[in-house]
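Positions -17 to -1, 1 to 253 (mature numbering (1 follows the signal peptide of the UniProt record, and there is no 0)) are the ones given, in order, by the sequence shown.
All C-beta atoms in this analysis are idealised placements derived from N, C-alpha and C, irrespective of residue type, glycine included.
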Amino acid sequence: MTAAALLLLLLPSLAQGASEGCGQAPPSAPPETVEAAGETREVLVAVPDDYDPATPHRLVFGFHGRTNPAERVRRYYGLEDAMAEGAPTIFVYPTAKRQDDGTFIWRVPEDLDLFDAVVEDLSADYCIDRARLFAVGHSLGASFVNTLGCLRGDALRGIASVAGGIHARAEDCEGDVAALLLHNRGDRLVDVDRGRRARDVLVEANGLDPAPAGFYPRPFGCYRYGPAEARNPIAWCLYAESVNRRGRFYPHLWPDGAEEAIAAFFNVLP
């Protein structure tokens, strides 16, 4: 009997979600690339210093936007500090392909293959709780995360996005996913109506009532779709912060407190 199989016998409550990497010695260093759809793709993987191969870890994806690479959004999102007090977590920041003008682009379906490949590779090498996969994104990354939440709702437990649209219809969705969607009413780059469409697609895909069932005033004004006991609620949050750290009017920004709100949302999901 392998160490991983023995671990699953000792931890029956986690057996359903624990990956084959549980109980195995981890690689000497996290991977920097994965093979997906016949191509080598770059990833930035952050494994806790106190990583324990006997403990299933959440896996959180951070998808960057059109201009900021993975290294920059790792700092910008601040997810690792915000989620430090929660369950043990491994973070991965994939890199999108560049366009001719130097900007990045996430594409469907090829980047769905990237997501799948990262999950499979890290699950084989690390102890991952496959029932606790999450994805976060801003701007272009947010639109991809919303789309990923629809098309990979059977794999993801929850998503969180800031200033994103969606490139899918409710009838395209697989499974359902809990979602925290933040948007500025005055966003000039991704109009708030695009955010509302993402909300509506996910609400319909989750089989929730299209009328909000609750409201949370802090830290953002969030409408909750789905009853309080819903496994996969949708939280639609509007924020007014529109001036960035340089004093520039920029309603497309990642607002203060977003990472804490995301951590809190993920932490309370059953």
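Next item on the list: Over the uninterrupted beta strand (DSSP E) stretch that includes Arg41, give me the two end residues.
Entry: His40 to Phe46
Margin query: Any contact between the region 106 to 120 and the region 223 to 236? By contact I mean 3 or more CB pairs, one from each, below 8 Å.
Written below: The region 106 to 120 and the region 223 to 236 do not touch, with fewer than 3 CB-CB distances between them shorter than 8 Å.
Check: Does the count of Cβ pairs from the region 16 to 30 and the region 76 to 86 closer than 8 Å reach three?
Finding: yes
Notebook entry, point to check: Which value, in whole angstroms, describes the spacing of the CA atoms of Thr86 and Arg49?
Noted result: 6 Å
Notebook entry, point to check: Leaving out five residues before and five after Ala218 in sequence, what residues of the same chain have Cβ atoms less than 6 Å from its Cβ?
Noted result: Leu163, Cys205 and Arg207
Note to self: Below 8 Å on the Cβ atoms is my contact criterion, and I expect residue 308 with Tyr222 to pass it. Report the Cβ-Cβ distance as a whole number of Å.
What the structure shows: Since the displayed the chain opens at -17 and closes at 253, residue 308 lies outside it and no answer follows.
Checklist line | Alpha carbon of Glu15 to alpha carbon of Pro9, nearest angstrom | finding: So the two alpha carbons sit approximately 14 Å from each other.
Notebook entry, point to check: By Cβ distance below 8 Å, which residues in the same chain neighbour Arg57 in space, the five residues on each side in sequence not counted?
Noted result: Leu27, Ala29, Gly45, Glu63, Phe74 and Tyr76
Checklist line | Range of the contiguous alpha helix (DSSP H) that encloses Ile245 | finding: Where Ile245 is concerned, the enclosing alpha helix (DSSP H) stretches over Ala241 to Val251.
Check: Which runs of the beta strand (DSSP E) spanning at least 3 residues fall entirely within the region 138 to 191, listed in chain order?
Finding: 141 to 145 and 161 to 167
Item checked: Sequence ranges, alpha helix (DSSP H) only - wholly within the region 82 to 123, length at least 4 -> Whole alpha helix (DSSP H) segments, 4+ residues: 93 to 108.
Check: Would DSSP call Leu236 helix, strand or coil?
Finding: coil
Checklist line | Limits of the beta strand (DSSP E) - the one that Val28 falls within | finding: Glu22 to Ala29
Check: In three-state terms, what does DSSP make of Arg207?
Finding: strand
Note to self: With distance defined between alpha-carbon atoms, name the residue in Pro71, Thr72, Ala138 and Ser106 nearest to Leu95.
What the structure shows: Out of Pro71, Thr72, Ala138 and Ser106, the CA that lies nearest to the CA of Leu95 is found in Ala138.
Next item on the list: Find out if the Cβ-Cβ distance for the pair Arg180, Gly148 is shorter than 8 Å.
Entry: yes
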